[in-house]
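Colleague: In our numbering, the protein residues as written are -2 to 85. For each residue, glycine too, the CB sits at the ideal point set by N, CA and C. Owing to the predicted nature of the structure, the values given are computational and were not obtained by experimental measurement. Can you read through this structure? Questions will come right after.
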Amino acid sequence: MLKKILLTSVSLIVLVIGGAFLFKDQIIGLITDDMFIAADTDVFDPGLPVGDTFPSIRAVYKDGEISSIDDFVRDKGMIFIANRSADW
């Protein structure tokens, strides 16, 4: 009895995995359909336009205060991420 249940369960799992593999493109298409938008049309602007000058900052870095990001920008540029805490 237990062998029959185990064999049935394993067979069902193999069939489901095999079916998922055979139809993976269709499954992925169904999941990702309408996932992305063609163009960003909202008015939200999350940051500075490309090429603009970065505004002055005041931060602590390695036990010293900095007010410019010039020392951190290298030949490939820089990504700046600010996280405003609830304590401000």
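Taking the C-alpha atoms as reference points, what is the distance between Gly0 and Val11?
Modeller: Here residue 0 refers to the residue found at position 3 of the sequence shown. Here residue 11 refers to the residue found at position 14 of the sequence shown. The displayed chain sequence assigns Lys, not Gly, to residue 0. Approximately 16 Å, taken between the alpha carbons.
Colleague: Report the CB separation of Ile66 from Phe77 in whole angstroms; it is logged as a contact under 8 Å.
Modeller: For the purposes of this step, residue 66 is taken as the residue at position 69 of the sequence shown. For the purposes of this step, residue 77 is taken as the residue at position 80 of the sequence shown. Indeed they touch by this definition, with Cβ atoms about 7 Å apart.
Colleague: Quick one: residues in its chain with C-beta nearer than 6 Å to the C-beta of Ala56, no 5 flanking neighbours on either side, listed in chain order?
Modeller: Stepping through the sequence shown from its first residue, residue 56 is reached at position 59. Within the same chain, Ala56 has close Cβ partners Ile63.
Colleague: Pick out whichever of Asn80, Gly74, Val7, Leu9 has its Cα sitting closest to the Cα of Gly107.
Modeller: Residue 107 lies beyond the stretch modelled for the chain, which goes from -2 to 85, so this question has no answer here.
Colleague: What are the start and end residues of the alpha helix (DSSP H) that includes Ile2?
Modeller: In the sequence shown, counting from the first residue as 1, residue 2 sits at position 5. Here the alpha helix (DSSP H) through Ile2 covers -1 to 19.
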